[in-house]
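Colleague: Here it is, the structure, as C-alpha coordinates.
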Amino acid sequence: MSLENLSCQKSFGGWHKRYKHHSQVLGCDMVFAVYLPPQAEQGGKLPVLYWLSGLTCTDENFMQKAGAQRMAAELGLIIVAPDTSPRGAGVPGDPEGAWDFGLGAGFYLNATQEPWAQHYRMHDYVVNELPELVEAHFPASQKRGISGHSMGGHGALVCALRNPGRYQSVSAFAPISNPMDCPWGQKAFSRYLGEERSRWREWDASVLLAESREKLTLLVDQGDRDDFLATQLKPEVLQQAARSAGHQLTLRMQPGYDHSYFFIASFIDDHLQHHARALNA
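Going letter by letter, the sequence shown gives residues 101 to 381 in the numbering used here.
Now the structure itself:
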(Lines of atoms letter the chains of each structure in order from A and count residues from 1; the text may use other names and numbers.)
(Lines give C-alpha, C1' and ligand atoms only; values in the text may rest on other atoms or scores of the structure.)
Protein backbone atom coordinates (compact mmCIF):
# COMPACT_ATOMS: atom_id res chain seq x y z
CA MET A 1 0.00 0.00 0.00
CA SER A 2 1.52 3.33 -1.04
CA LEU A 3 1.87 6.43 1.12
CA GLU A 4 1.86 10.05 -0.02
CA ASN A 5 3.92 12.33 2.20
CA LEU A 6 2.09 15.59 2.89
CA SER A 7 4.52 17.35 5.23
CA CYS A 8 7.68 16.86 7.27
CA GLN A 9 9.03 18.91 10.18
CA LYS A 10 11.95 18.26 12.50
CA SER A 11 11.08 18.14 16.19
CA PHE A 12 13.30 17.34 19.19
CA GLY A 13 15.81 15.58 16.98
CA GLY A 14 13.14 13.44 15.30
CA TRP A 15 10.60 14.00 12.55
CA HIS A 16 6.90 14.77 12.52
CA LYS A 17 5.37 13.61 9.24
CA ARG A 18 1.88 13.48 7.74
CA TYR A 19 0.78 10.92 5.16
CA LYS A 20 -2.24 10.19 3.00
CA HIS A 21 -3.21 6.72 1.82
CA HIS A 22 -6.25 4.90 0.51
CA SER A 23 -7.95 2.79 3.16
CA GLN A 24 -9.50 -0.44 1.94
CA VAL A 25 -11.34 -0.81 5.26
CA LEU A 26 -12.96 2.63 5.14
CA GLY A 27 -13.31 2.96 1.39
CA CYS A 28 -11.79 6.43 1.23
CA ASP A 29 -8.51 8.31 1.51
CA MET A 30 -7.21 8.80 5.06
CA VAL A 31 -4.56 10.99 6.64
CA PHE A 32 -2.42 10.11 9.64
CA ALA A 33 0.52 11.70 11.43
CA VAL A 34 3.59 9.93 12.75
CA TYR A 35 6.32 11.18 15.07
CA LEU A 36 9.61 9.35 14.55
CA PRO A 37 12.01 9.97 17.46
CA PRO A 38 15.77 10.30 16.86
CA GLN A 39 16.27 6.61 17.69
CA ALA A 40 14.36 5.71 14.49
CA GLU A 41 17.46 6.58 12.48
CA GLN A 42 19.75 4.36 14.54
CA GLY A 43 18.53 0.97 13.33
CA GLY A 44 16.24 -1.47 15.06
CA LYS A 45 12.52 -1.22 15.69
CA LEU A 46 10.74 0.96 18.22
CA PRO A 47 7.46 0.58 20.14
CA VAL A 48 4.46 2.57 18.92
CA LEU A 49 1.84 4.56 20.79
CA TYR A 50 -1.40 5.03 18.83
CA TRP A 51 -3.25 8.20 19.82
CA LEU A 52 -7.01 8.57 19.16
CA SER A 53 -8.38 12.10 19.27
CA GLY A 54 -11.83 13.34 20.26
CA LEU A 55 -14.91 14.79 18.62
CA THR A 56 -14.29 17.29 15.79
CA CYS A 57 -10.51 16.72 15.86
CA THR A 58 -8.14 15.58 13.12
CA ASP A 59 -4.66 14.06 13.28
CA GLU A 60 -3.25 17.57 13.77
CA ASN A 61 -4.75 18.51 17.16
CA PHE A 62 -2.71 16.18 19.33
CA MET A 63 0.52 16.53 17.39
CA GLN A 64 0.40 20.34 17.51
CA LYS A 65 -1.06 20.97 20.96
CA ALA A 66 -0.11 18.16 23.35
CA GLY A 67 3.65 18.72 23.39
CA ALA A 68 4.34 14.99 23.34
CA GLN A 69 7.38 14.99 21.06
CA ARG A 70 9.96 15.98 23.68
CA MET A 71 9.20 13.03 25.96
CA ALA A 72 8.65 10.65 23.04
CA ALA A 73 12.14 11.56 21.79
CA GLU A 74 13.59 10.89 25.23
CA LEU A 75 11.80 7.54 25.55
CA GLY A 76 12.25 6.34 21.97
CA LEU A 77 8.53 6.07 21.27
CA ILE A 78 6.95 6.37 17.84
CA ILE A 79 3.57 8.15 18.02
CA VAL A 80 0.90 7.58 15.37
CA ALA A 81 -2.22 9.76 15.25
CA PRO A 82 -4.93 8.87 12.72
CA ASP A 83 -7.84 11.09 11.77
CA THR A 84 -10.94 10.60 13.92
CA SER A 85 -13.25 9.31 11.19
CA PRO A 86 -13.54 8.70 7.44
CA ARG A 87 -13.86 11.84 5.34
CA GLY A 88 -14.18 12.83 1.71
CA ALA A 89 -16.57 12.81 -1.20
CA GLY A 90 -19.24 10.16 -0.80
CA VAL A 91 -18.73 9.73 2.94
CA PRO A 92 -21.99 10.64 4.69
CA GLY A 93 -21.95 13.16 7.52
CA ASP A 94 -24.64 14.21 9.95
CA PRO A 95 -27.72 15.09 7.86
CA GLU A 96 -28.41 17.94 10.28
CA GLY A 97 -24.84 19.21 10.20
CA ALA A 98 -24.26 18.55 13.91
CA TRP A 99 -20.70 18.49 15.23
CA ASP A 100 -21.07 15.44 17.47
CA PHE A 101 -21.86 12.86 14.78
CA GLY A 102 -20.54 11.90 11.35
CA LEU A 103 -17.39 13.48 9.94
CA GLY A 104 -14.92 13.94 12.78
CA ALA A 105 -17.02 11.78 15.10
CA GLY A 106 -16.65 8.13 14.14
CA PHE A 107 -16.49 6.75 17.72
CA TYR A 108 -13.88 4.14 16.69
CA LEU A 109 -16.46 1.41 16.15
CA ASN A 110 -17.65 -0.67 13.19
CA ALA A 111 -21.02 0.64 12.05
CA THR A 112 -23.65 -1.90 11.01
CA GLN A 113 -26.44 0.43 9.84
CA GLU A 114 -26.84 2.23 6.53
CA PRO A 115 -25.68 4.66 5.30
CA TRP A 116 -22.82 4.41 7.79
CA ALA A 117 -21.73 0.76 7.47
CA GLN A 118 -19.70 1.19 4.28
CA HIS A 119 -17.26 3.78 5.65
CA TYR A 120 -17.55 4.03 9.43
CA ARG A 121 -15.32 1.13 10.44
CA MET A 122 -12.73 2.97 12.48
CA HIS A 123 -12.20 0.08 14.89
CA ASP A 124 -10.89 -2.22 12.16
CA TYR A 125 -8.88 0.64 10.68
CA VAL A 126 -7.17 1.52 13.96
CA VAL A 127 -6.65 -2.03 15.21
CA ASN A 128 -5.64 -3.77 11.97
CA GLU A 129 -5.14 -1.75 8.79
CA LEU A 130 -3.22 1.22 10.20
CA PRO A 131 -0.72 -0.84 12.29
CA GLU A 132 -0.03 -3.08 9.29
CA LEU A 133 0.74 0.03 7.26
CA VAL A 134 2.90 1.58 9.97
CA GLU A 135 4.84 -1.60 10.62
CA ALA A 136 5.49 -2.06 6.90
CA HIS A 137 6.78 1.47 6.22
CA PHE A 138 8.46 2.60 9.43
CA PRO A 139 10.89 1.08 12.00
CA ALA A 140 7.94 0.09 14.17
CA SER A 141 7.82 -3.05 16.28
CA GLN A 142 4.71 -5.01 17.23
CA LYS A 143 4.87 -3.59 20.74
CA ARG A 144 1.82 -1.35 20.72
CA GLY A 145 0.22 1.02 23.20
CA ILE A 146 -2.99 2.98 22.71
CA SER A 147 -4.31 6.18 24.26
CA GLY A 148 -6.74 8.95 23.48
CA HIS A 149 -8.93 11.81 24.63
CA SER A 150 -12.70 11.95 25.14
CA MET A 151 -14.23 10.04 22.20
CA GLY A 152 -10.68 8.87 21.54
CA GLY A 153 -10.27 7.80 25.17
CA HIS A 154 -13.37 5.67 24.68
CA GLY A 155 -11.81 4.34 21.50
CA ALA A 156 -8.50 3.49 23.15
CA LEU A 157 -10.17 1.59 25.98
CA VAL A 158 -12.50 -0.28 23.64
CA CYS A 159 -9.76 -1.21 21.15
CA ALA A 160 -7.60 -2.61 23.95
CA LEU A 161 -10.42 -4.42 25.74
CA ARG A 162 -11.85 -5.99 22.57
CA ASN A 163 -8.47 -7.26 21.37
CA PRO A 164 -6.56 -9.08 24.13
CA GLY A 165 -2.86 -9.35 23.37
CA ARG A 166 -2.95 -6.70 20.65
CA TYR A 167 -1.71 -3.92 22.94
CA GLN A 168 0.72 -3.97 25.82
CA SER A 169 -0.44 -0.68 27.36
CA VAL A 170 -3.49 1.59 27.46
CA SER A 171 -4.43 4.96 28.93
CA ALA A 172 -6.99 7.70 28.41
CA PHE A 173 -7.74 11.36 29.08
CA ALA A 174 -11.34 12.18 30.00
CA PRO A 175 -12.78 9.14 28.18
CA ILE A 176 -16.46 8.72 27.38
CA SER A 177 -16.57 5.87 29.87
CA ASN A 178 -20.15 4.65 29.53
CA PRO A 179 -21.45 5.71 26.09
CA MET A 180 -24.60 3.58 26.42
CA ASP A 181 -25.74 5.99 29.12
CA CYS A 182 -24.76 9.44 27.83
CA PRO A 183 -26.17 11.69 25.09
CA TRP A 184 -23.10 11.58 22.82
CA GLY A 185 -22.93 7.80 22.91
CA GLN A 186 -26.66 7.22 22.58
CA LYS A 187 -26.86 9.44 19.51
CA ALA A 188 -23.88 7.74 17.86
CA PHE A 189 -24.74 4.17 18.81
CA SER A 190 -28.40 4.41 17.77
CA ARG A 191 -27.38 5.56 14.30
CA TYR A 192 -24.22 3.50 13.74
CA LEU A 193 -25.46 0.31 15.41
CA GLY A 194 -29.27 0.55 15.42
CA GLU A 195 -31.73 0.76 18.28
CA GLU A 196 -31.05 -2.70 19.73
CA ARG A 197 -29.15 -1.84 22.90
CA SER A 198 -27.67 -5.31 23.32
CA ARG A 199 -25.39 -4.47 20.37
CA TRP A 200 -24.20 -1.33 22.13
CA ARG A 201 -22.66 -3.36 24.94
CA GLU A 202 -19.94 -4.56 22.56
CA TRP A 203 -18.66 -0.98 22.27
CA ASP A 204 -19.05 0.32 25.83
CA ALA A 205 -15.76 0.53 27.76
CA SER A 206 -17.35 0.04 31.18
CA VAL A 207 -19.24 -3.06 30.07
CA LEU A 208 -16.15 -4.50 28.38
CA LEU A 209 -13.94 -3.76 31.38
CA ALA A 210 -16.29 -5.57 33.74
CA GLU A 211 -16.06 -8.66 31.52
CA SER A 212 -12.37 -8.44 30.53
CA ARG A 213 -9.99 -11.30 31.25
CA GLU A 214 -6.83 -9.47 30.19
CA LYS A 215 -5.65 -7.23 33.03
CA LEU A 216 -3.72 -4.39 31.44
CA THR A 217 -2.99 -1.64 33.94
CA LEU A 218 -5.18 1.35 33.08
CA LEU A 219 -4.21 5.00 33.62
CA VAL A 220 -7.03 7.54 33.28
CA ASP A 221 -6.77 11.28 33.94
CA GLN A 222 -9.90 13.40 34.37
CA GLY A 223 -10.20 17.10 35.13
CA ASP A 224 -12.71 17.99 37.83
CA ARG A 225 -13.70 21.24 36.05
CA ASP A 226 -14.56 19.42 32.84
CA ASP A 227 -17.90 20.73 31.57
CA PHE A 228 -18.78 17.25 30.27
CA LEU A 229 -17.86 15.31 33.40
CA ALA A 230 -21.28 14.53 34.87
CA THR A 231 -23.40 14.23 31.73
CA GLN A 232 -21.08 12.65 29.13
CA LEU A 233 -17.93 11.14 30.68
CA LYS A 234 -18.95 9.38 33.93
CA PRO A 235 -15.56 8.02 35.08
CA GLU A 236 -17.18 6.67 38.25
CA VAL A 237 -18.91 3.98 36.13
CA LEU A 238 -15.55 2.90 34.71
CA GLN A 239 -14.10 2.85 38.21
CA GLN A 240 -16.90 0.64 39.50
CA ALA A 241 -16.47 -1.74 36.56
CA ALA A 242 -12.74 -2.03 37.32
CA ARG A 243 -13.44 -2.78 40.96
CA SER A 244 -16.00 -5.44 40.15
CA ALA A 245 -13.60 -7.13 37.74
CA GLY A 246 -10.51 -6.80 39.93
CA HIS A 247 -8.90 -4.71 37.19
CA GLN A 248 -6.12 -2.30 38.14
CA LEU A 249 -7.28 1.21 37.27
CA THR A 250 -5.50 4.39 38.32
CA LEU A 251 -8.13 7.12 37.98
CA ARG A 252 -6.66 10.53 38.76
CA MET A 253 -9.11 13.38 39.29
CA GLN A 254 -7.06 16.48 38.51
CA PRO A 255 -8.25 19.57 40.42
CA GLY A 256 -8.98 22.64 38.33
CA TYR A 257 -8.47 21.07 34.90
CA ASP A 258 -11.05 21.13 32.10
CA HIS A 259 -11.52 19.18 28.83
CA SER A 260 -8.96 21.08 26.76
CA TYR A 261 -5.52 20.38 25.40
CA PHE A 262 -4.09 22.47 28.24
CA PHE A 263 -5.16 19.55 30.42
CA ILE A 264 -3.64 16.95 28.08
CA ALA A 265 -0.36 18.84 27.78
CA SER A 266 -0.10 19.04 31.56
CA PHE A 267 -0.07 15.26 32.05
CA ILE A 268 1.04 13.79 28.72
CA ASP A 269 4.52 13.01 30.05
CA ASP A 270 3.03 10.76 32.72
CA HIS A 271 1.09 8.85 30.09
CA LEU A 272 4.07 8.45 27.77
CA GLN A 273 6.14 7.12 30.68
CA HIS A 274 3.29 4.75 31.60
CA HIS A 275 3.33 3.33 28.08
CA ALA A 276 7.12 3.21 27.82
CA ARG A 277 7.38 1.13 31.00
CA ALA A 278 5.06 -1.50 29.56
CA LEU A 279 6.32 -1.38 25.98
CA ASN A 280 9.98 -1.60 26.92
CA ALA A 281 9.50 -4.32 29.57
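Glycine included, C-beta positions come from ideal geometry on N, C-alpha and C. Values in this document were obtained by computation on a predicted structure and should not be read as measured data.
In chain order, what residues of the same chain have a beta carbon less than 7 Å from the beta carbon of A376, not counting five sequence neighbours either side?
Modeller: Result list for A376: L175 and L177, in chain order.
Colleague: According to DSSP, simplified to helix, strand and coil, what is E104?
Modeller: The answer is strand: DSSP assigns E104 an E or B state.
Colleague: Go to R352, then tell me how far its beta strand (DSSP E) extends in each direction, as first and last residue.
Modeller: First-last of the beta strand (DSSP E) with R352: L349 to Q354.
Colleague: Check for me: the alpha helix (DSSP H) holding K287 runs from which residue to which?
Modeller: Taken as a continuous stretch (DSSP letters only), the alpha helix (DSSP H) holding K287 covers P283 to Y292.
Colleague: What separation, rounded to the nearest whole angstrom, lies between the Cα atoms of K315 and A342?
Modeller: Spanning the two alpha carbons is a distance of roughly 10 Å.
Colleague: Please report the straight-line C-alpha distance between C108 and L136, rounded to a whole angstrom.
Modeller: One C-alpha to the other measures close to 11 Å.
Colleague: Using only CA atoms, which one of T212, V191 and K334 lies nearest to D281?
Modeller: It is K334.
Colleague: In or out: H122 buried (at least 16 other Cβ within 10 Å) or exposed?
Modeller: Classification for H122: exposed.
Colleague: Would you mind reading off the limits of the beta strand (DSSP E) that contains H237?
Modeller: No beta strand (DSSP E) contains H237, which is instead part of the alpha helix (DSSP H) from L230 to H237.
Colleague: Please determine, among F362, L318, L372 and M353, the residue with the shortest C-alpha to C-alpha distance to H347.
Modeller: Closest option to H347, Cα to Cα, is L318.
Colleague: Got a sec, what are the start and stop residues for the alpha helix (DSSP H) F132 sits in?
Modeller: Unbroken run through F132 is the beta strand (DSSP E), C128 to L136; no alpha helix (DSSP H).
Colleague: With DSSP as the reference, label W199 as helix, strand or coil.
Modeller: In this structure, W199 counts as coil in the three-state DSSP scheme.
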